[in-house]
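Notes follow once the structure below has been shown.
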Amino acid sequence: MMATVLLVEDDAHVRQALLRELRLFGHVVSGAGRALDALREVAAGGPDVVVLDLGLPDLDGGEALKMLRAVSDVPVIVATARDGEQEIIRLLGSGADDYLTKPFSAGHLHARIEAVLRRTRTATRSETLTVGALRVDVDRREATLEGRPLQLSRKEFDLLAHLARHAGRVVRRQELLAEVWRQPGGDDQTIDVHLSWLRRKLGERAAAPRYLHTVRGVGVMLTAPE
Ligand code: CA
Numbered sequence: 029m030m031a032t033v034l035l036v037e038d039d040a041h042v043r044q045a046l047l048r049e050l051r052l053f054g055h056v057v058s059g060a061g062r063a064l065d066a067l068r069e070v071a072a073g074g075p076d077v078v079v080l081d082l083g084l085p086d087l088d089g090g091e092a093l094k095m096l097r098a099v100s101d102v103p104v105i106v107a108t109a110r111d112g113e114q115e116i117i118r119l120l121g122s123g124a125d126d127y128l129t130k131p132f133s134a135g136h137l138h139a140r141i142e143a144v145l146r147r148t149r150t151a152t153r154s155e156t157l158t159v160g161a162l163r164v165d166v167d168r169r170e171a172t173l174e175g176r177p178l179q180l181s182r183k184e185f186d187l188l189a190h191l192a193r194h195a196g197r198v199v200r201r202q203e204l205l206a207e208v209w210r211q212p213g214g215d216d217q218t219i220d221v222h223l224s225w226l227r228r229k230l231g232e233r234a235a236a237p238r239y240l241h242t243v244r245g246v247g248v249m250l251t252a253p254e
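Encoded structure:
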């Protein structure tokens with residue numbers, strides 16, 4: 029798993045040695061000696077992962093981490109000579125993804141980089157729900173039917189995504205009110221109106237449902253047509 033790595037370390041010897049070795053592992057690596065240079069590079073959208081030394085000349089490591097988090101959700105591995113448990117807990121709590129205690133080998137760092145990327149890449153992989161020829165990309169908030177994009181309002185999309193997540197089972201009206209409208213005990217008619225809009229956008233009629241099935245007195249079910 030190759031990555032673009034930004035190594036923030038003010039000790040030029042340590043930095044050069046790690047850069048060289050990380051390149052041997054196949055990573056694309058750049059270095060920064062100061063926190064502000066690192067922030068600039070991260071804000072420009074560069075690295076897949078940041079390795080952040082906590083003892084930098086211009087900013088306290090904890091501050092640097094906070095500022096990094098303000099501009100990006102890039103995974104950060106903090107490198108610390110201080111191995112106090114409280115310090116590590118505090119850093120993990122303020123947005124570090126992992127830590128290494130100095131001194132460490134490039135091999136160890138490489139293994140941590142791979143582990144962090146495995147976790148974050150799995151977590152950010154977009155959730156796409158498929159029901160028959162209907163595809164719902166939850167993160168990008170896009171839905172297509174037979175490859176054609178559906179123009180859905182915000183609530184229509186939320187409704188479709190919730191039904192798609194529970195495809196093949198009847199979703200009760202109370203559940204839709206609670207989960208999609210976030211108002212348990214809300215107005216039933218709201219659901220009916222949105223369902224009829226959604227149905228029209230799916231190109232079907234209540235009398236001849238394909239995907240969207242109303243179960244009278246119970247709820248709604250999204251399912252792939254036979
Ligand atoms: Ca340092």
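First residue of the sequence shown? That's 29 in our numbering, and the numbers climb one at a time after it. Ideal placement from N, C-alpha and C gives every residue a C-beta, glycine not left out. Quick caveat, the model's predicted, so the values are computed rather than measured.
Problem - Residue environment, L119, which counts as buried when at least 16 other CB atoms sit within 10 Å - result: As a first step, residue 119 is located in the sequence shown; it is residue number 91 there, counting from the start. Its Cβ being crowded by 16 or more others within 10 Å, L119 is buried.
Exercise for the section: Identify the continuous beta strand (DSSP E) that holds V106 and give its terminal residues. Expected result: Position 78 of the sequence shown, counted from the first residue, corresponds to residue 106. V104 to T108 is the extent of the beta strand (DSSP E) around V106.
Practice task
Give the single residue among A63, V102 and S133 whose Cα lies nearest to the Cα of D81.
Solution key: Position 53 of the sequence shown, counted from the start, is the residue given in the question as residue 81. Residue A63 is the option with its Cα nearest to D81.
Exercise for the section: Check whether the stretch 65-78 touches the stretch 92-103, counting contact only when three or more Cβ pairs, one atom from each stretch, lie closer than 8 Å. Expected result: yes
Problem - Heavy atom of ligand 1 within 6 Å of G89 beta-carbon - result: In the sequence shown, the residue the question calls residue 89 occupies position 61. Result no, Cβ not under 6 Å from ligand 1.
Problem - Check: D186 C-beta below 6 Å from any heavy atom of ligand 1 - result: Indexing the sequence shown from 1 puts residue 186 at position 158. No - ligand 1 has no heavy atom lying nearer than 6 Å to the Cβ of D186.
Practice task
Since I believe V248 is in contact with V199 (beta carbons under 8 Å), could you give me their beta-carbon distance rounded to a whole number of angstroms?
Solution key: Taking the sequence shown and counting its residues from 1, the one referred to as residue 199 is at position 171. Taking the sequence shown and counting its residues from 1, the one referred to as residue 248 is at position 220. About 6 Å; that satisfies the 8 Å criterion.
Practice task
Take the Cβ of I105 as the centre, count every other Cβ of all protein chains shown within 10 Å, and call the residue buried at 16 or more, exposed below.
Solution key: Counting from 1 along the sequence shown, the entry for residue 105 is found at position 77. Looking at its Cβ environment, which holds 16 or more other Cβ atoms inside 10 Å, I105 is buried.
Exercise for the section: State the Cα-Cα distance for the pair R182 and H222, rounded to the nearest angstrom. Expected result: Residue mapping note: residue 182 aligns to position 154 of the sequence shown, counting from 1. Residue mapping note: residue 222 aligns to position 194 of the sequence shown, counting from 1. The alpha-carbon atoms of R182 and H222 are separated by roughly 11 Å.
Problem - Rounded Cβ spacing between V102 and L35 (contact assumed at less than 8 Å) - result: For the purposes of this step, residue 102 is taken as the residue at position 74 of the sequence shown. For the purposes of this step, residue 35 is taken as the residue at position 7 of the sequence shown. Not confirmed; about 13 Å, so no contact.
Problem - Secondary structure of V144, DSSP reduced to three states - result: Taking the sequence shown and counting its residues from 1, the one referred to as residue 144 is at position 116. Three-state result, V144: helix.
Problem - Euclidean distance between Cα positions of V243 and R147 - result: As a first step, residue 243 must be located in the sequence shown, where it is residue number 215. As a first step, residue 147 must be located in the sequence shown, where it is residue number 119. Between V243 and R147, the C-alpha separation is close to 40 Å.
Practice task
Have a look at F53 and P253 and give me their C-alpha separation to the nearest angstrom.
Solution key: If you number the sequence shown from 1, residue 53 lands on position 25. If you number the sequence shown from 1, residue 253 lands on position 225. F53 and P253: Cα-Cα distance of roughly 49 Å.
Exercise for the section: Assign A252 to one of three DSSP states: helix, strand, or coil. Expected result: Counting from one through the sequence shown, the residue named residue 252 turns up at place 224. Three-state DSSP puts A252 in coil, outside helix and strand.
Practice task
Please report the residue range of the alpha helix (DSSP H) in which S224 lies.
Solution key: The sequence position of residue 224 within the sequence shown is 196, counting from 1. First-last of the alpha helix (DSSP H) with S224: D216 to K229.
Problem - Through-space distance from T129 to A66, alpha-carbon basis - result: Position 38 of the sequence shown, counted from the first residue, corresponds to residue 66. Position 101 of the sequence shown, counted from the first residue, corresponds to residue 129. The alpha-carbon atoms of A66 and T129 are separated by roughly 20 Å.
Exercise for the section: Classify R140 as buried or exposed, calling it buried when 16 or more other Cβ atoms lie within 10 Å of its own Cβ. Expected result: On the sequence shown, position 112 is the one that residue 140 refers to. Answer is buried; the Cβ neighbour count reaches 16.
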